[in-house]
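Novice: Residue numbers (our numbering): 9 to 328. Don't be surprised by glycine CBs; every beta carbon is placed ideally from N, CA and C. Here the structure is a predicted model, which is why all the values come from computation and not from measurement. One structure follows; several queries about it will come next.
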């Protein structure tokens, strides 16, 4: 009797047009780069034919595959993003960057981290996915600083598409200057700008005041020097494949102006400005207390429009 009721229910749902979510294979995945092993997570919807696959690249600092930071923020933004894609029959791989979480041993000393190494790692992951017969078109998606990594990796991968999610259009030293100008007292602001000037010129600055250690500690300065050389707009302008720029209006880290500048650099890119979305992809009022709280709330749903924009772009890349 129960079986008959279950079958009747399934038939009813089918006739009403409810599509069942695909069965999703969830597996750990690793990559030997030749200079350390990187670890990540694969979500692969069950399918008789190859499915699109998104390589998800995390943002700045000690941010792991799920979008969480060793500095304390836990919001599962990238994990939730991967599951949104999976429910729409899109595979994904997200990974801990070298020097972070499970990939810590790949570069345990942050003095040895460089932007070039992050780009090389993204290229290696992308080549691995392109060689996997279960996968269809490759899409490279970078969040925040990861958007720069995605743009720099893409020419070596020739993916079907590139997605910049909350990515800056300006060299990162300019972004840091703007953020610090809003929060530091005059003396510290002056010192921070002097340090930035030195790093931009390729020089270390060892005299870092205590309040600025978190940003400019000497051990992270070699990475910052490599990062400040890059121009996100110039990298984006060189992309020959379709691109999507997504930016929220309530992002306290990257502004809509950056998205518009990226669009200007690559006029054929699609631009989606999502009203009310913040840096961790949630709809949050433009209130500092609520914004900061969202960085530590993994239960908050992602912005609904983010899902529809991503799926529409990715579906449009597939051959018909």
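What first and last residue would you give for the alpha helix (DSSP H) that runs through residue 185?
Specialist: As a position in the chain shown, residue 185 is number 177, starting the count at 1. From DSSP, the alpha helix (DSSP H) with residue 185 extends over 180 to 189.
Novice: With C-beta atoms as the reference, is residue 278 less than 7 Å away from residue 247?
Specialist: Taking the first residue of the chain shown as 1, we reach residue 278 at position 270. Taking the first residue of the chain shown as 1, we reach residue 247 at position 239. No; because the gap between Cβ atoms is not below 7 Å, this pair is not in contact.
Novice: Give the secondary structure of residue 323 by DSSP, where H, G and I count as helix, E and B as strand, and everything else as coil.
Specialist: On the chain shown, residue 323 is found 315 positions in, with the first residue counted as 1. Looking at residue 323 - three-state DSSP - the assignment turns out to be helix.
Novice: Looking at the strands, I want to know which residues DSSP matches up with residue 71.
Specialist: Your numbering for residue 71 matches position 63 in the chain shown. Residue 71 pairs with 77.
Novice: Would residue 51 pass as a contact of residue 90 if the rule is Cβ separation under 7 Å?
Specialist: Along the chain shown, one-based indexing puts residue 51 at 43. Along the chain shown, one-based indexing puts residue 90 at 82. The answer is yes: Cβ separation under 7 Å.
Novice: Could you pull the start and end residues of the alpha helix (DSSP H) that residue 298 belongs to?
Specialist: By 1-based counting over the chain shown, the position of residue 298 is 290. First-last of the alpha helix (DSSP H) with residue 298: 296 to 302.
Novice: Relative to the alpha-carbon of residue 37, which residue among 272, 137, 180 has its alpha-carbon at the smallest distance?
Specialist: Here residue 37 corresponds to residue number 29 of the chain shown, with the count starting at 1. With distances taken between Cα atoms, residue 37 lies closest to 137.
Novice: Counting only the same chain and skipping the five closest in sequence on each side, list residues whose C-beta sits under 6 Å from that of residue 230.
Specialist: The residue labelled residue 230 in the question sits at position 222 within the chain shown. Here the set comprises 119.
Novice: Are there three or more Cβ pairs, one per stretch, closer than 8 Å when the segment 161 to 170 is compared with the segment 68 to 82?
Specialist: No: the two stretches stay apart, fewer than three of their Cβ pairs being nearer than 8 Å.
Novice: With H, G and I counted as helix, E and B as strand and the rest as coil, what does DSSP make of residue 38?
Specialist: As a first step, residue 38 is located in the chain shown; it is residue number 30 there, counting from the start. Correct three-state label for residue 38: strand.
Novice: Between residue 47 and residue 102, what straight-line distance do the alpha-carbon atoms span, to the nearest angstrom?
Specialist: For the purposes of this step, residue 47 is identified with residue 39 of the chain shown, where counting begins at 1. For the purposes of this step, residue 102 is identified with residue 94 of the chain shown, where counting begins at 1. Taking the straight line from one Cα to the other gives about 9 Å.
Novice: Could you give the residue range of the alpha helix (DSSP H) that holds residue 177?
Specialist: Translated into positions along the chain shown, residue 177 becomes position 169. Unbroken run through residue 177: none, as it is neither H nor E.
Novice: Runs of 3 residues minimum, wholly inside the segment 88 to 147: which ones carry the beta strand (DSSP E) assignment?
Specialist: Counting only runs of 3 or more, we get 99 to 103.
Novice: Would residue 169 count as contacting chain D if we go by Cβ distances under 7 Å?
Specialist: The displayed structure is made up of one protein chain only, and chain D is not part of it.
Novice: Measure the Cβ-Cβ separation of residue 40 and residue 177 and say whether it is below 7 Å.
Specialist: Position 32 of the chain shown, counted from the first residue, corresponds to residue 40. Position 169 of the chain shown, counted from the first residue, corresponds to residue 177. Contact flag unset, no.
Novice: Helix, strand or coil, according to DSSP, for residue 263 in the structure here?
Specialist: Residue mapping note: residue 263 aligns to position 255 of the chain shown, counting from 1. Correct three-state label for residue 263: coil.
Novice: Going straight from the alpha carbon of residue 258 to that of residue 312, what length do you get?
Specialist: Taking the first residue of the chain shown as position 1, residue 258 is located at position 250. Taking the first residue of the chain shown as position 1, residue 312 is located at position 304. Between residue 258 and residue 312, the C-alpha separation is close to 15 Å.
Novice: Put residue 195 into one of helix, strand or coil per three-state DSSP.
Specialist: Within the chain shown, numbered from 1, the residue matching residue 195 stands at position 187. Residue 195: helix per DSSP, three-state reduction.
Novice: With distances taken from CA atoms, which of 94, 292, 250, 152 is nearest residue 276?
Specialist: Here the question's residue 276 lines up with position 268 in the chain shown. Closest by alpha carbon: 250.
Novice: Report yes if the CB atom of residue 59 is closer than 7 Å to the CB atom of residue 94, and no otherwise.
Specialist: Position 51 of the chain shown holds residue 59. Position 86 of the chain shown holds residue 94. The answer is no: Cβ separation not under 7 Å.
Novice: Rounded to whole angstroms, what is the Cα-Cα separation between residue 198 and residue 214?
Specialist: Numbered from its first residue, the chain shown carries residue 198 at position 190. Numbered from its first residue, the chain shown carries residue 214 at position 206. Approximately 16 Å between the Cα atoms of the pair.
Novice: Whose C-alpha, out of 298, 302, 54, 62, is nearest the C-alpha of residue 172?
Specialist: Position 164 of the chain shown holds residue 172. Taking only the C-alpha atoms, the option nearest residue 172 is 62.
Novice: Does residue 13 come out as helix, strand or coil in the three-state DSSP assignment?
Specialist: Position 5 of the chain shown holds residue 13. Only weak support exists for where residue 13 lies, its pLDDT of 37 falling under 50; the value from the coordinates is given anyway. Residue state, collapsed to three classes: helix.
Novice: Would you call the segment 173 to 192 and the segment 149 to 161 touching, i.e. three or more CB-CB distances under 8 Å?
Specialist: Judged by Cβ distances under 8 Å, the segment 173 to 192 makes contact with the segment 149 to 161, as three or more pairs qualify.
Novice: For residue 308, collect the residues of the same chain with a Cβ closer than 7 Å to its Cβ; drop the 5 residues on either side in sequence, then sort them by chain order.
Specialist: For the purposes of this step, residue 308 is taken as the residue at position 300 of the chain shown. Counting only Cβ-Cβ distances below 7 Å, and skipping sequence neighbours, we find 290, 302.
Novice: Residue 92 to residue 315, Cα distance in whole Å?
Specialist: Translated into positions along the chain shown, residue 92 becomes position 84. Translated into positions along the chain shown, residue 315 becomes position 307. Residue 92 and residue 315: Cα-Cα distance of roughly 7 Å.
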